[in-house]
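Take 319 as the starting number for the sequence shown in my numbering and just add one per residue.
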Amino acid sequence: MKEMTRRQFGKTAAASAALAGLTLPEYSFGQAAVEGRQFPQGFVWGCATAAYQIEGAVKEGGRKPSIWDVFAHTPGKTHDGDTGDIADDSYHLYKEDTRLLKNLGVGGYRMSISWPRIFPDGKGKPNAAGVDHYQRVVDELLANGITPYFTLFHWDLPQALEGGWQSRDTAHAYADYAGYVAHQFSDRVKAFFTTNEFASFTDLGYRTGQFAPGLRLPAGQANQVRHHGILAHGLGVQAIRANAATAQVGVAENPTAFVPVIEDRENIEAARRATREENAPFLTAVLEGKYPDSYLEREGANAPKIEDGDMKAIGSPLDFVGLNVYSPHYVRADGSPQGYAIEPRQASYPHMDSPWIIVGPECMYWAVRNVCDLWHPRAIYITENGCSAEDVVTPAGRVEDTERVMYLRTHLTNLQRAVAEGFPVKGYFVWSLLDNFEWADGYSKRFGIHYVDFRNEKRLPKLSAEWYRAAIARNAVV
Numbered sequence: 319m320k321e322m323t324r325r326q327f328g329k330t331a332a333a334s335a336a337l338a339g340l341t342l343p344e345y346s347f348g349q350a351a352v353e354g355r356q357f358p359q360g361f362v363w364g365c366a367t368a369a370y371q372i373e374g375a376v377k378e379g380g381r382k383p384s385i386w387d388v389f390a391h392t393p394g395k396t397h398d399g400d401t402g403d404i405a406d407d408s409y410h411l412y413k414e415d416t417r418l419l420k421n422l423g424v425g426g427y428r429m430s431i432s433w434p435r436i437f438p439d440g441k442g443k444p445n446a447a448g449v450d451h452y453q454r455v456v457d458e459l460l461a462n463g464i465t466p467y468f469t470l471f472h473w474d475l476p477q478a479l480e481g482g483w484q485s486r487d488t489a490h491a492y493a494d495y496a497g498y499v500a501h502q503f504s505d506r507v508k509a510f511f512t513t514n515e516f517a518s519f520t521d522l523g524y525r526t527g528q529f530a531p532g533l534r535l536p537a538g539q540a541n542q543v544r545h546h547g548i549l550a551h552g553l554g555v556q557a558i559r560a561n562a563a564t565a566q567v568g569v570a571e572n573p574t575a576f577v578p579v580i581e582d583r584e585n586i587e588a589a590r591r592a593t594r595e596e597n598a599p600f601l602t603a604v605l606e607g608k609y610p611d612s613y614l615e616r617e618g619a620n621a622p623k624i625e626d627g628d629m630k631a632i633g634s635p636l637d638f639v640g641l642n643v644y645s646p647h648y649v650r651a652d653g654s655p656q657g658y659a660i661e662p663r664q665a666s667y668p669h670m671d672s673p674w675i676i677v678g679p680e681c682m683y684w685a686v687r688n689v690c691d692l693w694h695p696r697a698i699y700i701t702e703n704g705c706s707a708e709d710v711v712t713p714a715g716r717v718e719d720t721e722r723v724m725y726l727r728t729h730l731t732n733l734q735r736a737v738a739e740g741f742p743v744k745g746y747f748v749w750s751l752l753d754n755f756e757w758a759d760g761y762s763k764r765f766g767i768h769y770v771d772f773r774n775e776k777r778l779p780k781l782s783a784e785w786y787r788a789a790i791a792r793n794a795v796v
């Protein structure tokens, strides 16, 4: 007998049911179906972007080069030689982008400030034209009922800063910049994220060379870069509080999200242990105000050099913690001294268009739970969550990105689980509002819920934008 395919079986079953006079069930995803997946009143729905990825206009308004301008113009460093010279041209099209935000119904917009627009030389005299630009952006957002959330450093370090993050002076220059921006905007911007993803601008920039400035330093020097990165955060917190007394301050970090293979006491504890140990040089140090002894012992002579007062600054109290969540690592309890083993991924494990985005939506719940169980932050924001997809415009002029809808829905379902269990999640910012310059991947990876035709900068809402608008309107997973 010829083997029946699943599709043939489905057709046969449906036909048999019809012949038997049976009615196949109908499924509704209306309001009744989502009542159990509500988010609390006042939950902030938003979108996130970063200056170098969307702004363009790299030589306008007094801006000078960042390390990413130099890196992207270095042959072989980015896909197809792509640069952020024009990107989404949001520097000129910010009003149009604000309309996109308003049409979604978001309450918040996490945007980054370009350090070389404010201090073209990294320090010294501020650039009034740069400040004026962001004042206009904030004006437009507030006029449309959208709250700005500022990220003060999203990797575009001014090229003029000699030594970059290898120099301790850069941490102090950052603090001066952060304090200045906080002072200039404190009347209207009430939430500041100091930095975005420590490992991305330290390890990828100075250890592996994948990101700007493209260095591959030995372990001791690379660990010192890490230390200067988190020191900048701590000094920045202090500077923001000194210049914007009523503002809230936090950090946007992408801690490795560990998921217990089995949800039992031993494996949950293993995931918690892994979270603390594997994030030791970054989030653990920031939230505990010290490096774990195990990290310092493991690094030995390569451990960072710490000066008096460093850890006190690094551990400055925060009003919230931002989590960028994309992918899981699965762990199980074992008999080793560390108490956990990280499971390897099979080659066949599913991923999105960007291979590093492994599909495992439960990572959203466990990222929140592990951080809360360990460090009890006052509030959590999901500051990035999203995926790339091979988006194409159909002949009908639509982008049917169902895989992105699947990704967002399943991750938000797990976030709602965390909220329902009482974890203090206050908001969610999808990555990203627009397709944009995706760092070393250039324009080859599309993360936006709006399609951008980079030939003419036209924006087109994708199916995921329609879905996200419905979720926001119902304040629920839909």
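Heads up, the beta-carbon is just placed ideally off N, CA and C, and yes, glycines get one too.
Under a three-way DSSP split, which group does residue i fall into?
i    : result
V362 : strand
Q356 : strand
Y658 : strand
P779 : strand
W674 : coil
F389 : helix
K263 : Since the first residue of the chain shown is 319 and the last is 796, residue 263 is not available in this structure.
Q528 : coil
P434 : helix
V796 : coil
D771 : strand
S612 : helix
N597 : coil
H397 : helix
E625 : coil
A575 : strand
R696 : coil
K703 : Here residue 703 is Asn; the residue named in the question, Lys, does not match the sequence. In this structure, N703 counts as coil in the three-state DSSP scheme.
L553 : helix
L751 : coil
V639 : strand
V543 : helix
Q566 : strand
Y746 : strand
V686 : helix
A651 : strand
R428 : strand
S384 : strand
Classify residue i as buried or exposed, calling it buried when 16 or more other Cβ atoms lie within 10 Å of its own Cβ.
i    : result
P262 : Residue 262 lies beyond the residue range present for the chain, which begins at 319 and ends at 796; the question has no answer from this structure.
R773 : exposed
I385 : buried
N421 : exposed
G339 : Annotation note: pLDDT 37 at G339 (below 50); position unreliable, coordinate value reported separately. Counting Cβ neighbours within 10 Å, G339 comes out exposed, since fewer than 16 surround it.
I675 : buried
L419 : buried
G481 : exposed
D628 : buried
G275 : With the chain running from 319 to 796 in the structure shown, residue 275 is simply not present.
Q371 : buried
V711 : exposed
Q656 : exposed
K780 : buried
S654 : exposed
Q734 : buried
D652 : exposed
A368 : buried
G523 : buried
E373 : buried
Q664 : exposed
Candidates the options: which alpha carbon is nearest residue i's?
i    : options                   : result
N688 : L411, H647 and R716       : H647
V555 : G760, M429, G568 and I624 : G568
V649 : V577, T701 and Y699       : V577
G509 : A707, I698, F755 and K780 : The question names Gly, but residue 509 in the sequence shown is Ala. Answer by Cα proximity: I698.
N541 : Q371, Y427, H410 and A619 : A619
G704 : G715, P662, A714 and S645 : S645
Y318 : V795, T701, R544 and Y409 : Lying outside 319 to 796, the shown extent of the chain, residue 318 is not represented and no answer is given.
R590 : N514, E775, Y683 and D400 : Y683
Y492 : I548, R525 and Q528       : I548
A621 : G538, D403 and D709       : G538
Q. Counting only runs that start and end within the stretch 446-526, where is the alpha helix (DSSP H) found for 4 or more residues in a row?
A. 446-461, 486-503 and 516-524
Q. Three or more beta-carbon pairs under 8 Å between the stretch 426-438 and the stretch 589-609, yes or no?
A. no
Q.
Counting beta carbon pairs with one atom in the stretch 662-674 and one in the stretch 593-601, are three or more of them shorter than 8 Å?
A. no
(Q) Three Cβ pairs or more, each shorter than 8 Å: is that satisfied between the stretch 763-770 and the stretch 745-755? (A) yes
Q) Counting pairs of beta carbons, one from the stretch 679-687 and one from the stretch 727-747, are three or more of them closer than 8 Å? A) yes
Q | Three-pair Cβ contact test at 8 Å for the stretch 385-401 versus the stretch 522-536 | A | yes
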